[in-house]
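> Going down the list, the protein sequences come from chains A and B.
Just so it is clear: in the first sequence, position 49 is 49 by this note's numbering, and no numbers are missing.
Just so it is clear: in the second sequence, position 157 is 1157 by this note's numbering, and no numbers are missing.
The C-beta atom is built at its ideal place from N, Cα and C for all residues, glycine as well.
Number of protein chains: 2
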Amino acid sequence: MTTDNARLPTLEDVARLAGVSRATVSRVINGIRNVNPELHEVVWNAVNATGYVANRAARSLVTRRTGTIALVVSDSESHDDDPFMSRFFSDPFFGRVVGGLLSALRPAGVQLALQIVGADQARARLVGDLRQGQADGSIVLSLHPGDTLPQLIADAGLPGVVIGRPARPVPLSHVDVANDRGAALAADHLVARGRRRIGMITGPVDVPASVDRIAGFTSAMARHGRSYVPAVAGNFTHESGDRAMRELLTDNPDLDGVFVANDLMAQGALSVLQELGRAVPDEIAVVGFDDSSAALAARPQLTTVRQPLEDMAAEAARLLLARVDDPSLSTTSIVFEPTLIVRATT
Amino acid sequence: MTTDNARLPTLEDVARLAGVSRATVSRVINGIRNVNPELHEVVWNAVNATGYVANRAARSLVTRRTGTIALVVSDSESHDDDPFMSRFFSDPFFGRVVGGLLSALRPAGVQLALQIVGADQARARLVGDLRQGQADGSIVLSLHPGDTLPQLIADAGLPGVVIGRPARPVPLSHVDVANDRGAALAADHLVARGRRRIGMITGPVDVPASVDRIAGFTSAMARHGRSYVPAVAGNFTHESGDRAMRELLTDNPDLDGVFVANDLMAQGALSVLQELGRAVPDEIAVVGFDDSSAALAARPQLTTVRQPLEDMAAEAARLLLARVDDPSLSTTSIVFEPTLIVRATT
DNA sequence: GGTCAGGCGGAGAGCGCTCTCCGCAGCCGT
DNA sequence: ACGGCTGCGGAGAGCGCTCTCCGCCTGACC
Chain A
1 MTTDNARLPT LEDVARLAGV SRATVSRVIN GIRNVNPELH EVVWNAVNAT GYVANRAARS
61 LVTRRTGTIA LVVSDSESHD DDPFMSRFFS DPFFGRVVGG LLSALRPAGV QLALQIVGAD
121 QARARLVGDL RQGQADGSIV LSLHPGDTLP QLIADAGLPG VVIGRPARPV PLSHVDVAND
181 RGAALAADHL VARGRRRIGM ITGPVDVPAS VDRIAGFTSA MARHGRSYVP AVAGNFTHES
241 GDRAMRELLT DNPDLDGVFV ANDLMAQGAL SVLQELGRAV PDEIAVVGFD DSSAALAARP
301 QLTTVRQPLE DMAAEAARLL LARVDDPSLS TTSIVFEPTL IVRATT
Chain B
1001 MTTDNARLPT LEDVARLAGV SRATVSRVIN GIRNVNPELH EVVWNAVNAT GYVANRAARS
1061 LVTRRTGTIA LVVSDSESHD DDPFMSRFFS DPFFGRVVGG LLSALRPAGV QLALQIVGAD
1121 QARARLVGDL RQGQADGSIV LSLHPGDTLP QLIADAGLPG VVIGRPARPV PLSHVDVAND
1181 RGAALAADHL VARGRRRIGM ITGPVDVPAS VDRIAGFTSA MARHGRSYVP AVAGNFTHES
1241 GDRAMRELLT DNPDLDGVFV ANDLMAQGAL SVLQELGRAV PDEIAVVGFD DSSAALAARP
1301 QLTTVRQPLE DMAAEAARLL LARVDDPSLS TTSIVFEPTL IVRATT
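#1: For the region 278 to 301 of chain A, enumerate the residues whose C-beta is nearer than 8 Å to any C-beta of chain B, in chain order.
#2: Any idea what DSSP makes of Thr148 of chain A, helix, strand or coil?
#3: Within 7 Å of any Cβ in chain B, is that where the Cβ of Ser78 of chain A sits?
#4: For Met85 of chain A, would you say it is in contact with chain B, using Cβ-to-Cβ distances shorter than 7 Å as the test?
#5: Around the C-beta of Asp81 of chain A, are 16 or more other C-beta atoms found within 10 angstroms, so that it is buried, or is it exposed?
#6: Does any residue of chain A bring its CB to less than 7 Å from the CB of Asn1045 of chain B?
#7: Check for me: the beta strand (DSSP E) holding Arg1181 of chain B runs from which residue to which?
#8: Where does Phe1094 of chain B fall in DSSP's three states?
#9: Determine the contact status of Ala1046 of chain B and Leu1017 of chain B, defining contact as a CB-CB distance below 7 Å.
#10: If Gly1316 of chain B sits next to Phe1289 of chain B, beta carbons under 8 Å apart, how far is it from one beta carbon to the other, in whole angstroms?
#11: Cβ of Leu112 of chain A less than 7 Å from any chain B Cβ?
#12: For a quick check, are the C-beta atoms of Pro338 of chain A and Ala178 of chain A less than 7 Å apart?
#13: Quick check on this structure: which residue in A:Arg193, A:Glu247, A:Gly182 and A:Asp242 has the alpha carbon closest to the alpha carbon of Ala215 of chain A?
#14: Between B:Pro1009, B:Ala1269 and B:Pro1166, which lies nearest to His1238 of chain B when the distance is taken from Cα to Cα?
#15: Of all the options A:Val287, A:Asn55 and A:Arg64, which has the alpha carbon lying nearest to the alpha carbon of Gly1128 of chain B?
#16: Nearest-angstrom Cα distance between Val162 of chain A and Ser1292 of chain B?
#17: Count the other C-beta atoms from every protein chain shown that fall within 10 angstroms of the C-beta of Leu114 of chain A, then say buried if there are 16 or more, exposed otherwise.
#18: In chain order, what residues of the same chain have a beta carbon less than 7 Å from the beta carbon of Arg1196 of chain B, not counting five sequence neighbours either side?
#19: For chain B, check one thing: does any of its Cβ atoms lie closer than 7 Å to the Cβ of Ile260 of chain A?
#20: Quick one: does Leu102 of chain A have its CB under 7 Å from some CB of chain B?
#21: Kindly indicate which three-state DSSP category Asp1176 of chain B falls into: helix, strand or coil?
#22: For chain B, is any of its Cβ atoms less than 7 Å away from the one on Met221 of chain A?
#23: Leaving aside the five residues before and after Val355 of chain A along the sequence, list all residues of the same chain whose C-beta is less than 6 Å from its C-beta, in chain order.
#24: Compare the Cα-Cα distances from Arg246 of chain A to each of A:Val287, A:Asp212 and A:Gly199 and report the closest residue.
#25: Report buried or exposed for Glu275 of chain A, applying the criterion of at least 16 other Cβ atoms within 10 angstroms of its Cβ.
#26: I'd like to know whether the C-beta atoms of His174 of chain A and Ser333 of chain A end up nearer to each other than 7 Å.
#27: Using a C-beta cutoff of 7 Å, does Phe1217 of chain B count as contacting chain A?
#28: Give every residue of the same chain whose Cβ lies closer than 7 Å to the Cβ of Ser1210 of chain B, excluding the five residues on either side of it in the sequence, and list them in chain order.
#29: Show which residues of chain A have a CB atom less than 8 Å away from the CB atom of Gly1128 of chain B.
#30: Could you have a look at Ile334 of chain A and say whether DSSP puts it in helix, strand or coil?
#31: Let me confirm a value: Ser1078 of chain B is counted as buried when at least 16 other C-beta atoms fall within 10 Å, else exposed. Which label applies?
#32: Who does Gly199 of chain A pair with in a DSSP beta bridge?
#33: Cβ closer than 7 Å: which chain A residues qualify as neighbours of Ile1201 of chain B?
#34: Counting only Cβ pairs nearer than 7 Å, list the residues of chain A close to Ser1271 of chain B.
#35: What's the C-alpha gap between Tyr1228 of chain B and Ser271 of chain A?
#36: Just grab the DSSP bridge partners of Gln1115 of chain B for me.
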């Protein structure tokens, strides 16, 4: 259309072509106040003729809005030297969240910027950057239980929404899934399938989501008259599921059902069971959690508790956008209901 | 530190506190020209005292740089109604690329903004946005063979680097892995393992990476005196690997080795083999491609051709950054060498 | 001692946009 | 018929920064 480094058309150019003032063009473009319909059309024609696109920086400068939301991934564990290669990115979890966020942000014309923060001093800088126009608000994805980042963001008065319940209460909105009810679904299902000796492979005991799943599962089991549930902890990785399953079987060789706190670990558990020649689901039933792509990739395909991550992320984005528009909005929390997806392992 | 909507400190504030002019503070902050070392320190003290952070929008406005790179994911297949939920995001591929990009961008203080473009009219708008200060350049991840986006970006004179060889030559730099040599590695390995009846499960026949893997594999096999290689095409999904493996075995029941064009399909193939009671690797050996997390999750763990995706993405980011700094730079292409990772399936 | 070069810091003009303020019509009410 | 109100569009002041231009001061050289 235009050549390489031709100056891009500005509002002024459009105004001149349309024979109106800059202010009028601005009004038309932003749909503000009633502008004479004829002029309206003249202006739009001029916009199209010039190929005008508003300069984001100039607009930001005066509106004090960037039209950008930051996805802040707080990965405070270890990886300080190289936090980017952390296993998190290869976890399907990340992609689902990004997809969900974009689906809500895109219609609003808002960009998504990725921020990964590792070490603590990076946190301070991040907050400074955030304050000073990096983004209008943040979606915080905290992987670390004792993470200070949500608190820092709240303290700075920055709009923010946390995905997943923060370990400590924080004056920020959050979205979450009812982990406890999801785990209860799994418990009820295993019991309904006639399983008598049921165990659990848990996530890390300091992560809220994991804690809730444990609590939900054990209390549901208690309701079914099983006060003791053998459990071994993993760390949500495939490999740790493998390890935990072996350990669980060593102590409880006669297990006929197991609830695994996420699909990745369930996949690991499944391969151990197969290796040991335990028929699934005939000899032992397995229920996972997440309904990630791993559930479908597993053989047999995994019965699992679905966490509507895309919807949760989209809702988080909408909450954030609303908060950015009206900072006086009070913080809210939305809890999504999990559903049981029955496949071949139960 | 400061309260909610206190005006953030500006250059002017810092200058006043330091007793110098705005220009001097700007020079110190940007490390330009030799400023008197004493003043230098005075200015930095004032910066720290005020907690000053440069306003990105204001800076962009004058420098015509945004300090942002866009990751443009061009997903032109079907998903127009809802391109965000496309399977792509749950593919570990995406996360590895993001991680690699961030590792190169972060040290340069450059942000990563995500852009997903579906329909064609969205492309035109994207290019407009890109021109007008959304980003200084783009990393293009094209999932669609006949994609026009790289060409559009090149035509607009925008800096851009493509990950993966574009289907049609385009005046843009790109990074890629030597898909043909990777496939040859797999062929050599299967032959060295003494396999006689070797087949292949390919990717879509219109995707460059897939084409190269097919060409590399068949020509390497030809060098080993096998001019005919039975092959079935999949589409890089787990499920298609399942289907393709069944089909391949139907026509070639005595297969004792198979090269699968990516790990996800290999995982699918593996579960079919197990279901059919074919021992891996004793009766049939399997080699994948990518070395994604799926390779480790597979049972037995998958022998695969490693594609250094993180390094490739990081290199793409560096190429782009260099191009942004100096637009006169000519386009280059960097091809990474794949390596064979031998695990338990061969 | 005079001149000139060079280094350093200040003044101030903009970058492209939004938005307030104001003026000018046209129309209503009395 | 006249004042005031309302609706619409223009003028122009910034938003916070960078960077050019210029002036001052110091030091070196003749």
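In short:
#1: Ser292, Ser293, Ala294, Leu296, Ala297 and Arg299
#2: coil
#3: Annotation note: pLDDT 44 at Ser78 of chain A (below 50); position unreliable, coordinate value reported separately. No, because no Cβ of chain B sits closer than 7 Å to the Cβ of Ser78 of chain A.
#4: No answer about Met85 of chain A holds up, because its pLDDT of 47 lies below 50 and its placement is not dependable.
#5: Note that Asp81 of chain A has pLDDT 42, beneath the 50 cutoff, so the model's placement of it is unreliable and the number below is only indicative. Classification for Asp81 of chain A: exposed.
#6: no
#7: Not the beta strand (DSSP E): Arg1181 of chain B falls in the alpha helix (DSSP H), residues Asn1179 to Ala1192.
#8: helix
#9: Contact flag set, yes.
#10: According to the sequence displayed, residue 1316 of chain B carries Ala and not Gly. Their Cβ separation, rounded to whole angstroms, is 20 Å, which puts Ala1316 of chain B and Phe1289 of chain B out of contact at 8 Å.
#11: yes
#12: For Pro338 of chain A and Ala178 of chain A, yes; Cβs fall inside 7 Å.
#13: A:Gly182
#14: B:Ala1269
#15: A:Asn55
#16: 29 Å
#17: buried
#18: Asp1256
#19: According to the sequence as given, residue 260 of chain A is Val; it is not Ile. For Val260 of chain A, the answer is no, since every Cβ of chain B falls outside 7 Å of its Cβ.
#20: Closer than 7 Å: yes.
#21: strand
#22: Met221 of chain A is outside the set of residues whose beta carbon lies under 7 Å from a beta carbon in chain B.
#23: No answer is possible for residue 355 of chain A: the residues shown for chain A start at 1 and end at 346.
#24: A:Gly199
#25: exposed
#26: A contact, by the Cβ cut-off of 7 Å.
#27: no
#28: Thr1202, Gly1203, Pro1204 and Ala1261
#29: Gly51 and Val53
#30: Three-state DSSP puts Ile334 of chain A in a strand.
#31: Only weak support exists for where Ser1078 of chain B lies, its pLDDT of 44 falling under 50; the coordinates are left without a value.
#32: A:Val258
#33: The contacting residues do not exist; Ile1201 of chain B stays about 16 Å from chain A at best.
#34: Arg299
#35: 35 Å
#36: B:Val1072
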